[in-house]
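Asks: The sequence shown lines up with residues 1 to 774 when you count with full-length UniProt numbering.
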Amino acid sequence: MIPLRGVALSSSASDDLRSEQAYLTTLYGRLDSLRAQADDRLRGILLESGGTPQGRTQREAQRAHYAEQLAQMNAVENGLLFGRLDFAGGEAPLYIGRLGLSAEEHDRDPLLVDWRAPASRPFYLATAVSPDGVTRRRHLRTKGRVLTGIDDEVLDLQDGAAAGGREDVTGEAALLAALTANRTGRMRDIVETIQAEQDEVIRAGLAGVMVVQGGPGTGKTAVALHRAAYLLYTYRQQLTKQGVLILGPNPTFLRYISQVLPSLAETGVLLATLGDMFPGVRARAVEPSAAAAVKGRLVMLDVLAQAVADRQTVPETFAEVDHDGYPLRIERAVLEDARAAARRSGRPHNVARAMFVTEAIHALSLQIAERIGTDPLGGENLLSEADLAETRRELREDVDVQRALFDFWPVLTPRQVLRDLLSDADRLESAGAALTAGERALLLRDRDAKWTPADVPLLDELAELLGVDDTLRAREAARQRREAVDYAEGVLEILAGSRSLDFEDQEEEILSALDVVEAGAFVERHEVLDTRTAAERAAADRTWVFGHVIVDEAQELSPMAWRLLMRRCPSRSMTVVGDVAQTSELAGTTTWEQVFEPYVGQRWNLVELTVNYRTPSEVMAVAADVLAAVDPALEPPRSVRSAGVAPWSLRVPAVALAAEVIAAVRVEAAEAGEGRVGVLVPEGREADLGRALVEAVPGAAVGEQPDLLNQVALMTVRQAKGLEFDAVVVVEPDEIIAESPRGLSDLYVAVTRATRRLGVLHTADLPKVLSSLA
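1. What span of residues does the alpha helix (DSSP H) with Asn78 cover, start to end?
2. If you draw a straight line from the alpha carbon of Leu557 to that of Glu608, how long is it in whole angstroms?
3. Please list, in chain order, all residues of the same chain as Asp469 whose beta carbon is under 6 Å from its beta carbon, the five residues on each side excluded.
4. Helix, strand or coil: which one does DSSP assign to Arg419?
5. For Ala61, which option in Val76, Arg638, Leu42 has the closest C-alpha, if you only look at C-alpha atoms?
6. Ser639 and Ser617 - do their beta-carbons sit closer together than 8 Å?
7. Helix or strand or just coil, what does DSSP make of Trp544?
8. Taking the straight line between their C-alpha atoms, what separation do you get for Tyr28 and Thr148?
9. If you follow the alpha helix (DSSP H) that Ala319 is in, where does it begin and where does it stop?
10. Please tell me whether Val580 and Thr221 are closer than 8 Å, where the distance is taken between their beta carbons.
11. Give every residue of the same chain whose Cβ lies closer than 8 Å to the Cβ of Asp746, excluding the five residues on either side of it in the sequence, and list them in chain order.
12. Put Thr135 into one of helix, strand or coil per three-state DSSP.
13. Compute the minimum distance between the beta carbon of His362 and the heavy atoms of the ligand HEM, and state whether it is under 7 Å.
14. Pull up the DSSP beta-bridge partners for Ile246, would you.
15. Starting from Asp337, trace the alpha helix (DSSP H) both ways and give me its first and last residue.
16. Out of Ala305, Ile330, Leu366, which has the shortest C-alpha to C-alpha gap to Arg347?
17. Taking 8 Å as the cut-off, does the region 724-734 touch the region 680-690 (at least 3 CB pairs, one atom from each stretch)?
18. Tell me which residues share the same chain as Phe123 and place their Cβ nearer than 7 Å to its Cβ, disregarding the 5 neighbours each side in the sequence.
19. Tell me whether Asp107 sits in a helix, a strand or coil according to DSSP, three-state version.
20. Where does the unbroken beta strand (DSSP E) through Leu147 begin, and where does it stop?
21. Roughly how many angstroms lie between the CA atoms of Asp455 and Leu412, to the nearest whole one?
22. By Cβ distance below 6 Å, which residues in the same chain neighbour Ile2 in space, the five residues on each side in sequence not counted?
23. CA-CA distance, Leu94 and Leu112?
24. Roughly how many angstroms lie between the CA atoms of Thr436 and Val303, to the nearest whole one?
25. How close, in whole Å, do the beta carbons of Gln705 and Pro251 come, if the pair is a contact with beta carbons under 8 Å?
26. Excluding the five sequence neighbours on either side, which residues of its own chain have a C-beta within less than 8 Å of the C-beta of Lys721, listed in chain order?
27. Select from Gly51, Gly44, Ile45, Leu140 the residue whose C-alpha is nearest the C-alpha of Arg18.
28. Figure out for me which residue from Ala534, Ala774, Val129, Leu421 has the closest Cα to the Cα of Thr240.
29. Can a CB atom of chain C be found closer than 8 Å to the CB of Val652?
30. When you compare each of Lys295, Arg186, Thr170 to Gln198 by their alpha carbons, which one comes out closest?
31. Could you pull out every residue in the same chain whose Cβ sits closer than 8 Å to the Cβ of Arg59, ignoring the five residues on either side in sequence?
32. DSSP state of Gly678, grouped into three classes?
33. Quick check: the region 628-639 against the region 650-660, are at least 3 beta-carbon pairs closer than 8 Å?
34. I'd like the list of long-range same chain contacts for Gly547, defined as Cβ closer than 7 Å, with 5 residues on each side in sequence excluded.
35. What does Lys143 pair with, by DSSP beta-bridge criteria?
36. Spatial neighbours of Gln259 within its chain, please: CB distance less than 6 Å, with the 5 preceding and 5 following residues excluded, ordered by chain position.
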């Protein structure tokens, strides 16, 4: 390592620093030049207006291109350059960074190679045993535009200068510096320290389902995010159009990872939770785990299908409506036949309604024909087919008839059906014959209850069952266009009428708007283009199909949630990361086969990450005992470092628990310095301990969506999924275990959130799985 301050530098080291700083300055100069060019071109495009629809579309594509370029260049302002490769045989060194930069003379080698380019791969894979032509790997540490340090790894064994170190990591000095740095409340990218097993996952192809199984601290989330950046770089044309979805477990997690992809120059990805996956619904309410588990089971398919069928009703005997002053009797048999025909079509409820109405009105028209068209002298009915058609038209336009038919086969929305179902015991009993009485009781709630994440897959399933009748929408769109064309014709006529009378006697032809454009084209020129990104359009469109889907904490998703995701990605191009040992949700999975065999059979690939970069060995020794209780067959990941601090536990009187939590937080916050402290508590104690902590430690974050930019955050274990802290205090572990049938998995999650220090506060005896802390 070559430091900048506090150590006298050799002449060679000083020369290296000056040389690399000069190169860094050159790179930023080139970045500034390219940024100015893109900005100028974007400004020019924004000043243009009018033109043909094709020209406007091309202009919008150019605008989006230069806007994306600017966003990428702005995103890499910090950390532009981080590596260099030196090769045998006098080959020119290769500089590696977050973005590729070409030289001004295009026939020259690039100034900087994007970390995702194939040429960069030896930076992550080369070792002293297998150097791949690399003699030295150099890590360049920067702050802004200033070089702050250099770490060198010599890989040429022939000259006897190969650096020692661990065989399972590359760039050990840079890696350990990143791992021991204070947490900031936002995840950092790992682009400078990607390890070989992580690189294999990141650079895998786009097709198929890849499951990344890894224990705590193996970098699953970071790998998934860097994979998203790699795929967008490698398959940009396809994925820019279709978009990439990253599904996380909760909003706190999404905020935690929100800066990673922008720092890698990628901004077009949709980050969402399951609760965001039905447009117009923001499902954040909390419900009992048992209720969510029932909603997550595939038995709900039968319940929802029956709930829709229950809305397709017929009268007990007949219904009577007034038509043109005459009573019209709609017999039960007529509506049963119409319902049967509509159901046989196999169409969704709202789409099939048109067939129901058509069949019913046809039967009613025959009834009317029989009443008024009978030949008094005998023989055939006196009404012609044209008369029958007119009768059907009149019936369709009769408000009373339409109201009656609407009652028997209404137009429904997913929210309406689900809200009615879950708030009405009679509807729930009728539709939920496949559920037990206890399960139905779990689902029953107030009509004005807020949506929960487990409701979203049910809403999505109902949207499939109900469908959308586009007839009215198409009619409305046609009406609006006719109005726009009529308005345009009026504008053009006004322009024609306002011509100066002086021109009428001139022989030379004077062109006007009417001479060069007709009203329809005029409307097209002024139609508003959709300038939203693929991610923005996808967020508003329930039927959007993504080019790739990445799921984090995937073990927590229910079978119903997986159905939703599979509809969003029919190509089955997915990266799924998780750890079945950490499954907390009752509707979650403990085997990946259970998730994917119904959709892709055996055509999915499992990759395991085995090295723990985050959790120090002292903490992992405690976690290993918990893991053995979860499943003796599971192996904990290997930690690459120790923190030098033994985990601690303290038994306290029950009446003093809040005070002891506050005291422990103050100690850990002082030890963490600028780092972060997490307090993980049982769900039943979140409110009381949260209030006490906020009163004693101003600025502490508490609640369903705590802000991790605060130094101290108190939350439940479920809320802490995927997060990490410099220090963690686990409160009442026996209650964490007791709160759920999967409480041991919850405790395993809790004790593996720490990057340095772990403490446990308890009022009862420690659980056996934590006996090493006694």
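In this text, a Cβ means the ideal position worked out from N, Cα and C, and glycines have one as well.
Replies: Taking the geometry as given:
1. Neither: Asn78 is in no alpha helix (DSSP H) and is coded neither H nor E.
2. The alpha-carbon of Leu557 is positioned some 19 Å away from that of Glu608.
3. Apart from sequence neighbours up to five positions away, the residues of its chain that approach Asp469 with a beta-carbon distance below 6 Å are Asn350, Val351, ordered along the chain.
4. Of the three classes helix, strand and coil, the one that applies to Arg419 here is helix, per DSSP.
5. Closest by alpha carbon: Leu42.
6. Yes, the Cβ-Cβ distance between Ser617 and Ser639 is below 8 Å.
7. Three-state result, Trp544: coil.
8. A straight-line Cα-Cα distance of about 16 Å links Tyr28 and Thr148.
9. From DSSP, Ala319 is part of no alpha helix (DSSP H) but of the beta strand (DSSP E) over 318-323.
10. Going by C-beta atoms, Val580 is not nearer than 8 Å to Thr221.
11. Excluding residues within five positions, the ones whose Cβ falls inside 8 Å are Ser584, Val717, Arg718, Ile736, Ile737, Glu739, Ser740.
12. In the structure shown, Thr135 falls within a strand segment according to DSSP collapsed to helix, strand and coil.
13. The ligand HEM is not part of this structure, which contains no ligands at all.
14. Beta-bridge pairing links Ile246 to Leu271, Ile550.
15. Its alpha helix (DSSP H) spans residues 332-344.
16. Of the candidates Ala305, Ile330, Leu366, the one whose C-alpha sits nearest the C-alpha of Arg347 is Ala305.
17. These segments touch.
18. Hits under 7 Å: Gly83, Leu85, Ile96, Arg137.
19. Taken through DSSP and simplified to helix, strand or coil, Asp107 comes out as coil.
20. Segment 146-154, the beta strand (DSSP E) holding Leu147.
21. Rounded to whole angstroms, the gap between the alpha carbons of Asp455 and Leu412 is 17 Å.
22. The pLDDT assigned to Ile2 is 39, lower than 50, so where the model puts this residue is not dependable; a value taken from the coordinates is nonetheless given after this. Closer than 6 Å at Cβ, skipping near neighbours: Ala13, Ile150.
23. One Cα belongs to Leu94, the other to Leu112, and the distance between them is close to 7 Å.
24. Going by C-alpha positions, Thr436 is about 12 Å away from Val303.
25. Going by Cβ atoms, the distance from Gln705 to Pro251 rounds to 5 Å, so yes, they are a contact pair.
26. Same-chain partners within the cutoff: Pro249, Asn250, Phe253, Glu553, Glu556, Gln582, Ser584, Val749.
27. Check the Cα spacing between Arg18 and each of Gly51, Gly44, Ile45, Leu140: the tightest is with Leu140.
28. Selected option, being the one with the closest Cα: Ala534.
29. Of the chains in the structure shown, none is chain C; there is only one protein chain.
30. Minimum Cα distance to Gln198 is reached at Thr170.
31. Ile45, Glu48, Gly51.
32. Gly678 falls in the strand class under three-state DSSP.
33. In short, these stretches do not touch, since the Cβ pair count stays below three.
34. Cβ neighbours of Gly547 within its own chain (closer than 7 Å, five residues either side excluded): Gln238, Leu239, Gln242, Gly243, Val244, Ser573.
35. Val146.
36. Excluding sequence neighbours, Gln259 sits near Arg186.
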